[in-house]
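**Student:** Chains as they are written, first to last, in my numbering: chain U, 20 to 227; chain D, 1113 to 1548.
Yeah, the Cβ is synthetic: ideal placement off N, Cα and C, and Gly gets one too.
Given the structure is predicted, the values throughout are model-derived calculations rather than measurements.
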């Protein structure tokens, strides 16, 4: 596919954020994912051309980072934390249940293209364990049942809202644009902090 | 003093306000007043203030923040850079992400003050990519700070210029290591550099660079406003100030507790409602998975840099992951090992190959297929990994193994005599029944 003039202009504005243009490689890869859903060969070529690099240099960077995908993922990419703490608290049970429920394994996508699965590492929300991320939005305190319901709703086109995030769950491509530095204007939605984040503050106020 | 009276919410003080993350909310809470004050000081005075406060890096290593700033050569005719490490990925660590979600402006204000002090005109926040809503909040905060004249050219008519760029990562634990982070920010695979030269001399684009953790930089505005003495009045002799302790796992009420350095797990557990009902503490990490595990015998260790280190571990990120008696320590060690194997960047052979072998051996041990001699071999492999790589990932990888073997050797052997894991994984989940 060819990139539109608007897309090329966005790429130029991303490059302009940095003192040296090679630094723009990561946001540009996120940007390619926002267009195609994954890092396409055409995307690699365009980034290489823009940054005056060999395509192999861009591929080398792209394959190093797990958020860059070399094949399409679902419209809703579901990451189940299976690092030790979440795994012990129920992450393993959640992953087992959802993989069986959907009939797909790690890094696989349902045949309708709606949901893909990934076993993810610690996502910095341990006080909300077990944690599931959908398109890198927080779904806190999950159970096997809640995640089965979540993926069913996502496949039906009606996914629930994240626990700490915007009012409606955005798609993989839409969130990839945010990661590329393109604002979607939704920063104001959602809570300031979840209850566990405020627990120490709450106790200190009660005692005064 | 009861544990609740020890709590000292400073960074988290406004997190219960619905608009704490907005520029209006932050300004109402006296935000950006420290910036005004700092811009009237000489940059060296700001550095001295942070040195005097005793603030130490909150990202794990505990290096004095003011000293780090002081290492930047001045009048060298080179560009200087400030880079905030917001790549929070150490297993168990969950303080910077809620901080940036609830109050991104305190970080932005800290960035401006720190950049002014080290004479940097371009700063970066390197945030991990797996937290989209935090990215949104930071984007908005930076845009609003520009709009308000806190960023850009001639900030508050001080003659000081600063550009702030948000850089979003893409899923690599190793980029939390400061030199790997710099390589990543330069547009390369995130692999650690050989030191020296240290970033203060040759950091981003080989220019003098300070890399600081989110919590460290966010602590700066309040020190500027309240003074070094105020900050130093909290904490212990060598570990000054307040900090965020994150309790997770098998506790009644997990969460964030901001308290002076030196509080104990016994006190923090009291605040978290204790270990979950009907269970008892088995093991815990004081500061993420890379810090050797502790047991119930360490409940009264003061959680400051010196106290934890004297007891044989590290304060790290103050990520206290609590596991009760239903948890198999071999399973925990194996899972962490799988993490380090996955996240090893592959640059150094001992780490790349060694973490792979650790996983193979632990898998056998967990399945009851190991022998007692394998335990010695396991320790031998650990010896050949730790301290033999460019960065500390390898040291972190062996920490859970060596420490769990030290405290629970008999449990490793029980897997062998039992012909498999003697624990029921369902019992350690927080669901009442397996059928949920």
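Looking at chain U, which residues of the region 1300–1324 of chain D have a Cβ within less than 8 Å of any of its Cβ atoms?
**Tutor:** Cβ contacts with chain U come from 1300, 1301, 1302, 1317.
**Student:** Does the distance from the CB of residue 1402(D) to the CB of residue 1508(D) come in under 7 Å?
**Tutor:** Yes. Within cutoff.
**Student:** If you reduce the DSSP assignment to three classes, tell me which class residue 1433(D) lands in.
**Tutor:** It is a strand residue.
**Student:** Is the beta carbon of residue 1367(D) sitting closer than 7 Å to the one on residue 218(U)?
**Tutor:** Cβ atoms of residue 1367(D) and residue 218(U): closer than 7 Å.
**Student:** On the DSSP bridge assignment, give the partners of residue 1086(D) in chain order.
**Tutor:** What is shown of chain D runs 1113 to 1548, which leaves residue 1086(D) out entirely.
**Student:** Anything in chain C within Cβ reach of residue 1217(D), meaning under 9 Å, just list it in chain order.
**Tutor:** Protein chains in the displayed structure are U and D, and chain C is not among them.
**Student:** With which residues is residue 1352(D) paired in a DSSP beta bridge?
**Tutor:** The partner list for residue 1352(D) (beta bridge, DSSP) reads 1347(D).
**Student:** Suppose you measure from the CA of residue 1146(D) to the CA of residue 1272(D); what does that come to, to the nearest Å?
**Tutor:** Between residue 1146(D) and residue 1272(D), the C-alpha separation is close to 15 Å.
**Student:** Beta carbon of residue 1206(D), beta carbon of residue 145(U): below 7 Å?
**Tutor:** The answer is yes: Cβ separation under 7 Å.
**Student:** Do residue 1353(D) and residue 1346(D) have their beta-carbon atoms positioned less than 7 Å apart in this structure?
**Tutor:** Cβ atoms of residue 1346(D) and residue 1353(D): closer than 7 Å.
**Student:** At least one CB of chain D closer than 7 Å to the CB of residue 138(U): is that the case?
**Tutor:** It does not: the Cβ of residue 138(U) has no partner Cβ on chain D nearer than 7 Å.
**Student:** Tell me whether residue 1361(D) is buried or exposed, calling it buried when 16 or more other Cβ atoms sit within 10 Å of its Cβ.
**Tutor:** Flag for residue 1361(D) reads buried.
**Student:** Could you check the C-alpha separation between residue 1504(D) and residue 1465(D) for me, to the nearest Å?
**Tutor:** Computed Cα separation, rounded: 15 Å.
**Student:** Would you tell me roughly how many angstroms separate the C-alpha atoms of residue 1431(D) and residue 1377(D), rounded to the nearest one?
**Tutor:** Cα to Cα, the separation comes out at about 11 Å.
**Student:** Using a Cβ distance threshold of 8 Å, determine whether the region 1441–1449 of chain D contacts the region 93–103 of chain U, with at least three qualifying pairs required.
**Tutor:** Yes: at least three Cβ pairs fall under 8 Å.
**Student:** Comparing the C-beta of residue 1210(D) with each C-beta of chain U, is any distance below 7 Å?
**Tutor:** Chain U, which has a Cβ nearer than 7 Å to the Cβ of residue 1210(D), makes this yes.
**Student:** Name the residues in the region 205–220 of chain U whose C-beta lies less than 9 Å from a C-beta of chain D; which are they?
**Tutor:** Answer set for the region 205–220 of chain U: 205, 206, 207, 208, 209, 210, 211, 212, 213, 214, 215, 216, 217, 218, 219, 220.
**Student:** Would you list, in chain order, the members of the region 1227–1249 of chain D that have their beta-carbon closer than 7 Å to a beta-carbon of chain U?
**Tutor:** Those would be 1234, 1241, 1242, 1243, 1244, 1245, 1247, 1248, 1249, in chain order.
**Student:** Using a beta-carbon distance below 7 Å, is residue 103(U) in contact with chain D?
**Tutor:** Answer yes: the Cβ-Cβ gap between residue 103(U) and chain D drops below 7 Å somewhere.
**Student:** Does the separation of the CB atoms of residue 1254(D) and residue 1278(D) fall below 7 Å?
**Tutor:** Contact flag set, yes.
**Student:** Who pairs with residue 139(U) in a beta bridge, going by DSSP?
**Tutor:** 100(U), per the DSSP bridge assignment.
**Student:** List the whole-angstrom C-beta distance separating residue 134(U) from residue 170(U), where the pair is believed to meet the contact cut-off of C-beta under 8 Å.
**Tutor:** Confirmed, about 5 Å.
**Student:** Does the CB of residue 169(U) have a neighbour CB from chain D at under 7 Å?
**Tutor:** Chain D, which has no Cβ nearer than 7 Å to the Cβ of residue 169(U), makes this no.
**Student:** I'd like the list of long-range same chain contacts for residue 138(U), defined as Cβ closer than 8 Å, with 5 residues on each side in sequence excluded.
**Tutor:** Excluding positions up to five away in sequence, the list reads 98, 99, 101, 114, 125.
**Student:** Terminal residues of the continuous alpha helix (DSSP H) containing residue 1147(D)?
**Tutor:** Here the alpha helix (DSSP H) through residue 1147(D) covers 1145–1151.
**Student:** Can you round the beta-carbon distance between residue 1235(D) and residue 1193(D) to whole angstroms, since I take them to be within the 8 Å contact cut?
**Tutor:** Going by Cβ atoms, the distance from residue 1235(D) to residue 1193(D) rounds to 7 Å, so yes, they are a contact pair.
**Student:** Name the DSSP bridge partner or partners of residue 1360(D)?
**Tutor:** DSSP output for residue 1360(D) lists 1433(D) as bridge partner(s).
**Student:** Helix or strand or just coil, what does DSSP make of residue 1408(D)?
**Tutor:** Looking at residue 1408(D) - three-state DSSP - the assignment turns out to be helix.
**Student:** Got a sec? Which residues, its chain only, sit under 6 Å from residue 1523(D) by beta carbon, not counting five neighbours each side?
**Tutor:** The answer, listed in chain order, is 1441.
**Student:** Thinking just about the alpha-carbon of each residue, which of 1519(D), 1324(D), 1317(D), 1291(D) is nearest to the one in residue 1552(D)?
**Tutor:** This structure cannot speak to residue 1552(D), because chain D is shown only from 1113 to 1548.
**Student:** Is DSSP giving residue 1370(D) helix, strand or coil here?
**Tutor:** Three-state result, residue 1370(D): strand.
**Student:** Determine the burial state of residue 1208(D): buried for a count of at least 16 other Cβ atoms within 10 Å of its Cβ, exposed for fewer.
**Tutor:** Under this definition residue 1208(D) is a buried residue.
**Student:** Just reading off the alpha helix (DSSP H) that residue 1337(D) is part of, what are its end residues?
**Tutor:** It spans 1332–1338 - the alpha helix (DSSP H) in which residue 1337(D) sits, taken as one unbroken run.
**Student:** Please list the residues of the region 1511–1533 of chain D that have a C-beta atom closer than 8 Å to any C-beta atom in chain U, keeping them in chain order.
**Tutor:** Listed in sequence order: no entries.
**Student:** Just how far apart, CA to CA, sit residue 1275(D) and residue 1263(D)?
**Tutor:** Looking at the two C-alpha atoms, the distance is approximately 6 Å.
**Student:** Rounded to whole angstroms, what's the CA-CA distance from residue 1216(D) to residue 1134(D)? Just pull it up for me.
**Tutor:** Cα to Cα, residue 1216(D) sits roughly 8 Å from residue 1134(D).
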